[in-house]
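**Q** Per full-length UniProt numbering, residue 1 is the first one in the sequence shown, and the count goes up by one each step.
I have a structure I would like to understand better, so I am pasting it below and will then ask my questions one at a time.
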Amino acid sequence: MAESGSSAAAAGAAGSSGSAAGAGAAVAVGGANGAAGPKPGLESVKGQNFDVGPRYTDLQYIGEGAYGMVCSAFDNVNKIRVAIKKISPFEHQTYCQRTLREIKILLRFRHENIIGINDILRARRIEYMRDVYIVQDLMETDLYKLLKTQQLSNDHVCYFLYQILRGLKYIHSANVLHRDLKPSNLLINTTCDLKICDFGLARIADPEHDHTGFLTEYVATRWYRAPEIMLNSKACPCVCVVSIQHINLTHVLTFSLLIFQGYTKSIDMWSVGCILAEMLSNRPIFPGKHYLDQLNHILGILGSPTQDDLNCIINMKARNYLQALPQKPKIPWNKLFPKADNKALDLLDRMLTFNPIKRITVEEALAHPYLEQYYDPSDEPVAEEPFTFNMELDDLPKEKLKELIYEETARFQATYQGS
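Structure representation (structure tokens):
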């Protein structure tokens, strides 16, 4: 049986903020060493064993990703249904890194629009730890699924956008970049409460921390990726250059991409702009098939960069490539979204600005007239202190990362077993 901490907040309840405040007594389970024989609390879902009983029962499949499955379950202590994510990351360094990042960040974040961690279960001893179970609020759907089924009203677009930005203000105030904002990472319940999830790709917005694998690990969905991820600007000082060849084109074209330090919070604001456009039309605005196609989709709508924007690109190959392209006019937003609110389109324009230096910040976006019915700086909390990692994660072996995950979960369990 896995060892448990304690669980909090009612599933999907407004204002729960994923906090562990008010949690019930901890459930200490499992044998003395965590080694397993057949266990009465073990449940199987689609061939995956979930070792989360006796507290969590009646498991039902929700979905799965590259390194984990998510099920809903009944919490027999708080008498609510919760979501349990089973993560089995320890065979791969990258999965260990992402698991550690997400656990460290979410255990420290407390915000209504960010999914929290209510409980963590794993083997009592590290040598038996094969999986980690993260218990969170159960949210009925996500924005991706919602947009597949219905067209949102302007009121819904406005309310969802406000909640995204409210959560992102907290994230950015903690000096963290999410880096993977997209509709499927925005969880929604039946009362339209929205929570940002999946912090496995998050990074500190600080060139002194944890950046050696920035682009090599940057596998976030291309459609929501800011152009400066592909084109280095003065806002993002270059540290090295890599070359990518698109051999499927009619001619082989080598296009330089950059790994960079000092990248800014503006990359998340671009992603929010892409999400806003998708809420207005029910389809991705920049559905590129590869890097160059992605860039061409962006330029096809925004038009050719101005000379000022080109001057900010310090990679000469990238600048020359853009300058050699035929001039493209900008397509007016009201032609792309003829039914959209004009204020929404003005905010969209400020988010989907090619030059990251000129792109609107999260604080400025919250104060935009489109969101005036919700805007309340006194109810838009920020982090108490910047988030930091004590060490670089990219170069640590998976064995060390496993130790850090074990220690992080042990601190969580000790805190709430003693509360």
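Every residue gets a Cβ at the ideal spot worked out from N, C-alpha and C, and that includes glycine.
Considering just the uninterrupted stretch of the beta strand (DSSP E) at residue 137, what are its terminal residues?
**A** Taking the first residue of the sequence shown as 1, we reach residue 137 at position 137. That run of the beta strand (DSSP E) goes 132 to 137.
**Q** Less than 6 Å between C-beta atoms, sequence neighbours within five positions excluded: which residues of the same chain meet that for residue 197?
**A** Locating residue 197 in the sequence shown gives position 197, where the first residue counts as 1. Answer for residue 197: 115, 185 and 187, listed in chain order.
**Q** Which whole-angstrom value describes the C-beta separation of residue 366 and residue 165, a residue pair presumed to lie in contact below a C-beta threshold of 8 Å?
**A** Walking along the sequence shown from the start, residue 366 turns up at place 366. Walking along the sequence shown from the start, residue 165 turns up at place 165. Correct: roughly 5 Å between the Cβ atoms.
**Q** Span of the beta strand (DSSP E) holding residue 48?
**A** Counting from 1 along the sequence shown, the entry for residue 48 is found at position 48. 48 to 51 is the span of the beta strand (DSSP E), which, as asked, contains residue 48.
**Q** Enumerate in chain order the residues of its own chain whose CB-to-CB distance from residue 233 is below 8 Å, with the five nearest sequence positions on each side excluded.
**A** Residue numbering aside, residue 233 sits at position 233 when the sequence shown is read from its first letter. Its pLDDT being 37, under 50, residue 233 is placed unreliably by the model, and nothing is read from it.
**Q** May I ask which residues mark the beginning and end of the alpha helix (DSSP H) holding residue 278?
**A** For the purposes of this step, residue 278 is taken as the residue at position 278 of the sequence shown. Run containing residue 278: 266 to 281, per the alpha helix (DSSP H) assignment.
**Q** Kindly confirm or deny that the stretch 290 to 307 and the stretch 318 to 338 touch, where touching means at least three C-beta pairs closer than 8 Å.
**A** yes
**Q** Can you tell me the Cα-Cα spacing of residue 408 and residue 89, whole angstroms?
**A** Reading the sequence shown from its first residue, position 408 is the one you call residue 408. Reading the sequence shown from its first residue, position 89 is the one you call residue 89. Taking the straight line joining both Cα atoms gives about 15 Å.
**Q** Starting from residue 115 and walking both ways along the beta strand (DSSP E), at which residues does that stretch end?
**A** Residue mapping note: residue 115 aligns to position 115 of the sequence shown, counting from 1. Per DSSP, residue 115 belongs to no beta strand (DSSP E) and is neither H nor E.
**Q** Could you compute how far the alpha carbon of residue 203 sits from the alpha carbon of residue 372?
**A** Along the sequence shown, read from residue 1 onward, the residue named residue 203 stands at position 203. Along the sequence shown, read from residue 1 onward, the residue named residue 372 stands at position 372. In a straight line, the C-alpha of residue 203 is about 31 Å away from that of residue 372.
**Q** So residue 109 packs on residue 84, CB below 8 Å; how close in whole Å?
**A** The count along the sequence shown starts at 1 and reaches residue 109 at position 109. The count along the sequence shown starts at 1 and reaches residue 84 at position 84. The C-beta separation of residue 109 from residue 84 comes to about 19 Å, leaving the pair out of contact by the 8 Å criterion.
**Q** As a quick exercise: from 370, 266 and 123, pick the residue whose alpha carbon is nearest that of residue 159.
**A** As a first step, residue 159 must be located in the sequence shown, where it is residue number 159. Comparing Cα-Cα distances from residue 159 to each of 370, 266 and 123, the minimum goes to 370.
**Q** Report yes if the C-beta distance between residue 285 and residue 229 is below 8 Å; otherwise report no.
**A** One-based indexing of the sequence shown puts residue 285 at position 285. One-based indexing of the sequence shown puts residue 229 at position 229. Not closer than 8 Å, so no.
**Q** From the DSSP output, in three-state form, read off residue 74 for me.
**A** Against the sequence shown, residue 74 aligns to sequence position 74. Three-state DSSP puts residue 74 in a strand.
**Q** Determine which residues share a DSSP beta bridge with residue 57 and list them.
**A** What you label residue 57 is simply residue 57 of the sequence shown in a count that begins at 1. Partner(s): 74.
**Q** Quick one: grab the DSSP three-state call for residue 20.
**A** Translated into the one-based positions of the sequence shown, residue 20 becomes position 20. Residue placement at residue 20 cannot be trusted, given a pLDDT of 34 that sits under 50; what the coordinates show is reported in the next sentence. Of the three classes helix, strand and coil, the one that applies to residue 20 here is coil, per DSSP.
**Q** Between the stretch 167 to 174 and the stretch 120 to 127, can you find at least three pairs of beta-carbon atoms closer than 8 Å?
**A** no
**Q** Sort 272, 62 and 309 by Cα distance to residue 362 and report the nearest one.
**A** The residue labelled residue 362 in the question sits at position 362 within the sequence shown. When each option's Cα is compared against that of residue 362, the closest is 272.
**Q** Looking at the unbroken beta strand (DSSP E) that takes in residue 91, where does it start and where does it end?
**A** Taking the first residue of the sequence shown as position 1, residue 91 is located at position 91. Neither: residue 91 is in no beta strand (DSSP E) and is coded neither H nor E.
**Q** Can you check DSSP and say which residues form a bridge with residue 142?
**A** Counting from 1 along the sequence shown, the entry for residue 142 is found at position 142. Per DSSP, 187.
**Q** For residue 41 and residue 222, what's the separation of their Cα atoms in angstroms?
**A** Residue mapping note: residue 41 aligns to position 41 of the sequence shown, counting from 1. Residue mapping note: residue 222 aligns to position 222 of the sequence shown, counting from 1. One C-alpha to the other measures close to 41 Å.
**Q** Hey, could you find the ends of the alpha helix (DSSP H) residue 335 is sitting in?
**A** To locate residue 335, count along the sequence shown from 1; it is residue 335. 333 to 336 is the span of the alpha helix (DSSP H), which, as asked, contains residue 335.
**Q** Taking C-beta to C-beta, are residue 137 and residue 87 nearer than 8 Å?
**A** Position 137 of the sequence shown, counting from 1, holds the residue named residue 137. Position 87 of the sequence shown, counting from 1, holds the residue named residue 87. With a cutoff of 8 Å on beta-carbon distance, residue 137 and residue 87 are scored as not near each other.
**Q** Sort out for me which residues DSSP pairs residue 80 with in a bridge.
**A** For the purposes of this step, residue 80 is taken as the residue at position 80 of the sequence shown. For residue 80, which the question treats as bridged, DSSP gives the partners 75.
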